[in-house]
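Here the structure comes first, spelled out in structure tokens, and everything after it is commentary.
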């Protein structure tokens, strides 16, 4: 998918602490480090589906430092917006740890006059622009946690409060302190306190066209328990929640005309959004590659980019096929889960009967249920579009989606890692078990490649059933893992033996760092490869499909070979 290249406008995201920085950094991709003339280091990248470049920096504490870095960051990137993201202490009992406060007003609580009559407040306050005010209120109402990655342990969804915040250079950890009493007396609508927001706001105010927003997660109650709360991970949770809501607001913030870049900024370019068009007309559809969230069956799904084909859209005549690793956007009744989301859309009305592109996707869902394949999370058809969501397993500790076999395979010229090789052989034996159930009923996958297999350790699982729901056709499953009988002009018909060859190709990649390539000599095992495993790969890669072992025989050989492999990394 190509098209003109456009320059992304920049949002500067500032944090004060490393834990806050990491909460934002984990969302970025295509990251590069950029240094300003003043020496500040920025991680610059983008987030899938957002029309922004993100420049991320850590300011350290105090309003003064935050203001100075905000000033030159905006100048350096010609930034359109500044988001200050991180943690704050609660001043009101209605807040819970992990709740998010978006500053509807920021007070500088040191502003005032001391005299023999006591302290007289002279409030200095900043409020977000009206359009930002409305974006925050809309985000609170409409899926505020689209960008929230799951916590290791399930918990209630945090609340978002759009209320005043106060800021000064005192670290407050005692609610009966003189500073807190002053805040209660003169700024009693403030619900939280931090040490940097007022400096960021004051610096951003110097730039008339720059939007500014402070988003803070509650990490303690300013009650003497800060150290204990931090030790329990409250800062990490609060930072994660604040980052997620900030990105949700940023999703709806529309950039103005892209600014010119500075000479040392580098080329923050991306392909422009591609519009899928039908014959002779513009359908106005945005591709999945240019959208962060899609809706299906009344649910929203946050799309995740990834290597290979984990976010992909293609068109074959009047048929548009889309696929992505995605997360079911959580609401107050669900934590959210990961799925492999696929969609088929017909640009012309469906004609005829029998196995059509839409019914083929529905047929695959039936096969998943029949053969205990990936769990069907959602299946639906709306007019000319069918959508299928299959469960994608998540890590029980981190809550993040599991990686694919691609992350386990070596790259040349690195020699195979013995532990990784053991995991690969053992995992592919588990994949062969499901393939055996398919073969027993006359079906075959025929699209096995590294991103089609998910590492649900110690097993591996299929992300979908590949081409099992459609009849074979010449040229299918093009690429380095394609079996000889799948190529154009082949005399043999693809089938169960095709899966055996593709497993063999994956094993060759695990052993050599490279998959098979047409025109090159067949796989020849090195002396360091255990003989049983070497012979299993040689047999699976036979050019003649009838000369290959059956899937059950290959599975038994892989299990035996895995027991012979050393486990030393």
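In UniProt numbering, the protein residues as written are 1 to 569. Idealized CB from N, CA, C, for every residue including glycine.
**OP:** Please go through the same chain and pick out, in chain order, the residues whose beta-carbon is closer than 7 Å to the beta-carbon of residue 436, but skip the five residues on each side of it.
**Re:** The beta carbon of residue 436 is closer than 7 Å to those of 551, 552 and 555 in its chain, skipping five residues each way along the sequence.
Subject >> DSSP three-state assignment for residue 253, whether helix, strand or coil >> reply: Residue 253: coil per DSSP, three-state reduction.
Subject >> Host alpha helix (DSSP H) of residue 129 (start-end) >> reply: Following the DSSP letters along the chain, one finds residue 129 in no alpha helix (DSSP H), marked with neither H nor E.
Original post:
Between the beta-carbon of residue 571 and the beta-carbon of residue 463, is there less than 8 Å?
Top reply: Since the first residue shown for the chain is 1 and the last is 569, residue 571 is missing from the structure and cannot be characterised.
**OP:** Measure the Cβ-Cβ separation of residue 55 and residue 12 and say whether it is below 8 Å.
**Re:** Yes; because the gap between Cβ atoms is below 8 Å, this pair is in contact.
Original post:
Between the region 154-169 and the region 302-315, do three or more beta carbon pairs fall short of 8 Å?
Top reply: Output reads no: the region 302-315 does not touch the region 154-169.
**OP:** Give a yes or no on whether the C-beta atoms belonging to residue 244 and residue 145 are separated by under 8 Å.
**Re:** Contact check for residue 244 against residue 145 passes: the beta carbons are separated by less than 8 Å.
Original post:
Excluding the five sequence neighbours on either side, which residues of its own chain have a C-beta within less than 7 Å of the C-beta of residue 182, listed in chain order?
Top reply: Hits under 7 Å: 109 and 119.
Original post:
Are residue 448 and residue 466 touching if we call contact CB-CB under 8 Å?
Top reply: The answer is yes: Cβ separation under 8 Å.
**OP:** Identify which residue in 139, 522 and 452 has its Cα closest to the Cα of residue 544.
**Re:** Sorting 139, 522 and 452 by C-alpha distance to the C-alpha of residue 544 places 522 at the top.
Original post:
Nearest-angstrom Cα distance between residue 376 and residue 296?
Top reply: Looking at the two C-alpha atoms, the distance is approximately 14 Å.
**OP:** Decide if residue 217 is buried, meaning its Cβ has at least 16 other Cβ atoms within 10 Å, or exposed.
**Re:** Answer is buried; the Cβ neighbour count reaches 16.
Original post:
Given that a residue counts as buried once 16 or more other Cβ atoms are within 10 Å of its Cβ, and exposed if not, what is residue 491?
Top reply: With fewer than 16 other Cβ atoms within 10 Å, it is exposed.
Original post:
In angstroms, rounded to a whole number, what distance separates the CA positions of residue 277 and residue 348?
Top reply: Because the pLDDT of residue 277 is 26, which lies under 50, any placement of that residue in the model is unreliable, and the number read from its coordinates should be weighed accordingly. Between the alpha carbons of residue 277 and residue 348 lies a gap of roughly 11 Å.
Original post:
When the Cα atoms are used, what is the spatial distance from residue 221 to residue 238?
Top reply: Distance between the alpha carbons of residue 221 and residue 238 is about 12 Å.
Subject >> Pair within 8 Å by beta-carbon distance, residue 421 and residue 565 >> reply: Taking 8 Å as the Cβ cut-off, residue 421 and residue 565 qualify as a contacting pair.
Original post:
Thinking just about the alpha-carbon of each residue, which of 233, 174 and 230 is nearest to the one in residue 223?
Top reply: Taking only the C-alpha atoms, the option nearest residue 223 is 174.
**OP:** Taking 8 Å as the threshold, find out whether the region 500-514 comes into contact with the region 533-544 through three or more Cβ pairs.
**Re:** Contact between the region 500-514 and the region 533-544 is present, because at least three Cβ pairs lie under 8 Å.
Original post:
Going by C-alpha distance, which of 346, 394 and 365 is nearest residue 357?
Top reply: Cα-wise, what sits closest to residue 357 is 346.
Subject >> the region 34-52 touching the region 69-84, judged by at least three CB pairs closer than 8 Å >> reply: Yes, the region 34-52 is in contact with the region 69-84.
Subject >> Alpha-carbon to alpha-carbon, residue 321 and residue 383 >> reply: If you take the alpha carbons of residue 383 and residue 321, they lie about 15 Å apart.
Original post:
Which term fits residue 489, buried or exposed, when burial requires 16 or more other beta carbons within 10 angstroms of its beta carbon?
Top reply: By the neighbour-count rule (16 or more Cβ atoms within 10 Å), residue 489 is not buried but exposed.
Original post:
Going by the beta-carbon positions, is the gap between residue 165 and residue 190 smaller than 8 Å?
Top reply: Contact: yes.
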